[in-house]
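Residue numbers (full-length UniProt numbering): 1 to 163.
No residue lacks a Cβ here, since even glycine has one placed at the ideal position from N, Cα and C.
As the structure is a computational prediction, the values presented were derived from the model and not from experiment.
One structure is given here, and the rest of the page talks about it.
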């Protein structure tokens, strides 16, 4: 199976993608993959749900409530989780609260990019990696930004294992 086929297969599954404190590098890498119809798959027709602190106004609490009431999804986290709760909020929840609540029903958790893996470049000012916030198994894809092919390989592998 080639890269674009694997990505299209991944995007047929329930994915909740959180963008915490991030430059969006991993999202951009996926969107720049060159796969036909990727923007349509990622943003319109797939069960992928993107939660971004910069898109709260457009996404809103209704989408967040739908996501919090769903289950059977892979949780993907892009960006660091700040120690200072005032720096990252969505729908009245801090990033830590949102991450914790979403991790409860996730089949698997995947941290993509160095910021999500270990706090990355903002670690020195209080950024934490996902595994530092959660006491759960977290699959990690390091890099700044993480390689689109490595992210897809990890997500495909996690889905093949059934979460």
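Per DSSP, which one or two residues make a beta bridge with residue i?
i           : result
residue 49  : 16
residue 140 : 111
residue 65  : Bridge partners of residue 65: none, in fact.
residue 127 : 82
residue 93  : 90
residue 106 : 73
In the DSSP assignment, the beta strand (DSSP E) including residue i goes from what residue to what residue?
i          : result
residue 74 : 73-78
Can you tell me whether residue i is buried or exposed, with buried defined as 16 or more other CB within 10 angstroms of its CB?
i           : result
residue 57  : Reliability fails at residue 57, whose pLDDT of 48 lies under 50, so the model's placement of it is uncertain and no value is given.
residue 10  : buried
residue 16  : buried
residue 121 : exposed
residue 114 : buried
residue 22  : buried
residue 162 : exposed
residue 82  : buried
residue 86  : exposed
residue 25  : buried
residue 119 : buried
Once DSSP output is grouped into helix, strand and coil, what is the label at residue i?
i           : result
residue 146 : coil
residue 173 : No statement about residue 173 is possible, as the shown extent of the chain runs from 1 to 163 and does not include it.
residue 34  : coil
residue 135 : coil
residue 152 : helix
Taking the continuous alpha helix (DSSP H) assigned at residue i, which residues delimit it?
i          : result
residue 23 : First-last for residue 23: undefined, no H or E at that position.
residue 10 : 3-10
Given a cut-off of 8 Å on the beta-carbon distance, is the pair residue i and residue j in contact?
i           : j           : result
residue 145 : residue 29  : yes
residue 153 : residue 116 : no
residue 151 : residue 125 : no
residue 99  : residue 77  : yes
residue 6   : residue 95  : no
residue 156 : residue 108 : no
residue 148 : residue 33  : yes
residue 106 : residue 75  : yes
residue 110 : residue 48  : no
residue 103 : residue 128 : no
residue 14  : residue 72  : yes
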